[in-house]
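Below is one structure, written out as structure tokens; the observations come after it.
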Amino acid sequence: MAHLSCRTTSAATPKTTPAPPDDVVERKAYLVGSGIASLFAAAYLIRDARMPGESITVLEELSELDGAFDGSGDAEKGFRWP
75 MAHLSCRTTS AATPKTTPAP PDDVVERKAY LVGSGIASLF AAAYLIRDAR
125 MPGESITVLE ELSELDGAFD GSGDAEKGFR WP
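For the sequence shown, this note's numbering assigns the number 75 to the initial residue and increments by one for each residue that follows.
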């Protein structure tokens with residue numbers, strides 16, 4: 075089970091954030107796959123809906139996390155997209 079927390083700042087982020095649903099703490103989110111779409115969905119749920127990271131579960135079939143970002147490389151030389 076993956077628990078995510080996220081803090082983002084951006085000039086594109088609106089200065090006002092909509093109020094979260096009243097029952098957001100009681101809700102659960104299950105994201106299928108650990109690709110970039112699921113990671114962004116988790117980040118938006120945390121940032122915009124103020125959902126606790128503990129309420130978000132990322133389901134992944136493979137032993138590696140990161141979806142299509144499993145290319146070869148390293149942080150210094152960069153990564154190669156498959």
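Glycine is no exception: its CB is placed at the ideal position from the N, C-alpha and C atoms.
Looking only at its own chain, which residues have a Cβ that is under 6 Å from the Cβ of residue i, when we skip the five neighbours before and after it?
i: P94; result: A123, R124
i: L139; result: S108
Going by the beta-carbon positions, is the gap between residue i and residue j smaller than 8 Å?
i: P126; j: V106; result: no
With 8 Å as the threshold, decide whether the Cβ of residue i is near any Cβ in chain D.
i: I120; result: In summary, chain D is missing from the structure at hand, where a single protein chain is found.
Kindly give me the distance between the Cβ atoms of residue i and residue j, rounded to whole angstroms, as I take these residues to be in contact under 8 Å.
i: S108; j: E128; result: Going by Cβ atoms, the distance from S108 to E128 rounds to 17 Å, so no, they are not a contact pair.
Only counting the same chain, and skipping five residues up and downstream in sequence, which positions put a Cβ closer than 8 Å to that of residue i?
i: P92; result: D122
i: R101; result: P95, M125, S129
Uninterrupted alpha helix (DSSP H) stretches inside the region 100–137 (no shorter than 4 residues): Taking 4 residues as the shortest admissible run, the region 100–137 contains the following complete alpha helix (DSSP H) segments, listed from N- to C-terminal end: 110–121.
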